[in-house]
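Asker: Protein chains in written order, with this note's numbering: chain V, 123 to 320; chain F, 123 to 320. Questions regarding the structure given below will be posed in turn.
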């Protein structure tokens with residue numbers, strides 16, 4: 123007989139499926155939850171139920187929100203003629219935290235990857251091309267600077283050629299606060315090539 | 123206006139309170155949950171609700187279980203004359219996973235710490251002394267080998283003196299699979315002092 127009952131065992135197993143938590147940290151998290159039943163465990167159960175019920179995927183851009191179309195797609199103050207294409211909702215959140223972009227988004231839902239079997243058909247590419255044809259003037263490809271991200275960007279550049287829309291990508295270079303000594307050759311080389319006069 | 127609605131924001135805030143998850147990994151976890159609503163998010167909400175409702179703290183040993191007294195305290199096959207004192211339920215779980223101990227447990231609920239204001243009154247010390255007086259023959263102090271754990275063990279040794287029960291502690295030494303080169307001086311010194319003839 124195990125010292126851990128089935129209720130706790132099941133909780134640990136589910137927590138261990140979260141990214142960033144392994145079996146050991148899932149046990150710690152479960153124990154912490156059990157110790158903080160009223161201030162953490164029950165509110166978390168409620169927050170999960172609420173979010174699972176309320177959150178929808180936006181039919182236009184693929185963002186997650188309580189409404190579809192999402193608040194970003196419905197916001198009349200956002201520039202509809204500029205689309206920023208991201209791999210994932212997390213990237214959209216990151217750009218919104220930075221507050222640098224005031225246009226609209228398009229969430230692909232991943233990046234092309236032969237290894238993981240992610241083909242263009244599994245990404246929201248068709249809807250991007252449809253949107254590109256509806257009065258869009260610029261499409262910013264904000265993919266990750268990984269092999270998959272850059273492969274996806276190249277693929278999209280080809281796929282979007284027929285629409286005639288201007289396609290741009292984020293600049294590569296030295297991250298703000300970054301030290302040259304710690305940067306890889308690829309970043310340094312990109313930063314050199316894209317150097318600007320002062 | 124934030125791109126993250128209040129439901130997701132609240133979920134992220136609660137997830138960030140789990141040990142092992144910071145704000146960034148909580149965002150990743152929330153997003154992962156939202157993408158796996160049916161296979162992960164709803165089952166997790168249910169598991170949390172179930173566990174919060176079902177799990178009690180054992181009135182005898184301080185273990186967490188669906189019943190109080192807990193299954194370990196009620197198991198007639200376990201040796202009631204040997205008590206193993208641990209700081210936390212996680213330590214009890216670890217010992218049960220190892221399957222080395224077939225007596226009963228006593229969970230202190232922490233270790234003495236002047237820094238964190240953990241005094242003997244905040245630990246389950248009184249109930250330990252009461253149990254020690256009821257036909258117990260050996261008390262194994264299985265505290266962590268930290269300053270707090272060892273302080274607690276010394277305190278308990280004094281506090282248990284009046285009961286006349288034999289008090290032991292876990293051996294210190296080289297962990298199984300451990301390489302000497304990577305061990306600290308304290309461990310090496312303890313392993314040397316406790317060396318055994320072959």
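From the three backbone atoms N, C-alpha and C, an ideal C-beta is built for every residue, glycine too. Source: prediction; values computed, not measured.
Please check if any C-beta of chain V sits within less than 8 Å of the C-beta of residue 240 of chain F.
Answerer: With 8 Å as the cut-off, residue 240 of chain F does not count as an interface residue toward chain V.
Asker: Shorter than 8 Å from the beta carbon of residue 150 of chain F to some beta carbon of chain V?
Answerer: Yes, residue 150 of chain F counts as interfacial toward chain V.
Asker: Check the DSSP bridge columns for residue 225 of chain F and list the partner residues they point to.
Answerer: Bridge partners of residue 225 of chain F: F/201.
Asker: Going along the chain, which unbroken runs of the alpha helix (DSSP H) with 4 or more residues stay wholly within the segment 277-310 of chain V?
Answerer: Whole alpha helix (DSSP H) segments, 4+ residues: zero.
Asker: Taking the C-alpha atoms as reference points, what is the distance between residue 231 of chain F and residue 152 of chain V?
Answerer: Residue 231 of chain F and residue 152 of chain V: Cα-Cα distance of roughly 16 Å.
Asker: Over the uninterrupted beta strand (DSSP E) stretch that includes residue 264 of chain F, give me the two end residues.
Answerer: Counting along the chain, the beta strand (DSSP E) containing residue 264 of chain F begins and ends at 260-264.
Asker: Closest Cβ-Cβ distance between residue 73 of chain V and chain F: below 8 Å?
Answerer: Nothing in the structure corresponds to residue 73 of chain V, since chain V is present only between 123 and 320.
Asker: Am I right that residue 192 of chain F and residue 183 of chain F are in contact with their C-beta atoms under 8 Å? What's the rounded C-beta distance?
Answerer: Contact flag correct, Cβ pair sits at about 6 Å.
Asker: Which term fits residue 222 of chain V, buried or exposed, when burial requires 16 or more other beta carbons within 10 angstroms of its beta carbon?
Answerer: Exposed is the call here.
Asker: Considering residue 165 of chain V, what are the terminal residues of the alpha helix (DSSP H) in which it resides?
Answerer: Segment 164-176, the alpha helix (DSSP H) holding residue 165 of chain V.
Asker: Nearest to residue 233 of chain V by CA position, among V/170, V/226, V/202, V/275, is which residue?
Answerer: Of the candidates V/170, V/226, V/202, V/275, the one whose C-alpha sits nearest the C-alpha of residue 233 of chain V is V/275.
Asker: On the CB-based measure, 16 or more other CB atoms within 10 Å of its CB, does residue 298 of chain V come out buried or exposed?
Answerer: The residue in question, residue 298 of chain V, is exposed, as its Cβ has fewer than 16 Cβ neighbours within 10 Å.
Asker: CB residue 281 of chain V to CB residue 247 of chain V, shorter than 8 Å?
Answerer: For residue 281 of chain V and residue 247 of chain V, yes; Cβs fall inside 8 Å.
Asker: To the nearest angstrom, how far is it from the Cα of residue 310 of chain F to the Cα of residue 241 of chain V?
Answerer: For residue 310 of chain F and residue 241 of chain V, the distance between alpha carbons rounds to 55 Å.
Asker: Please report how far the alpha carbon of residue 263 of chain V lies from the alpha carbon of residue 211 of chain F, in whole angstroms.
Answerer: Using only the alpha carbons, I get a separation of about 50 Å.
Asker: Around the C-beta of residue 161 of chain V, are 16 or more other C-beta atoms found within 10 angstroms, so that it is buried, or is it exposed?
Answerer: Classification for residue 161 of chain V: exposed.
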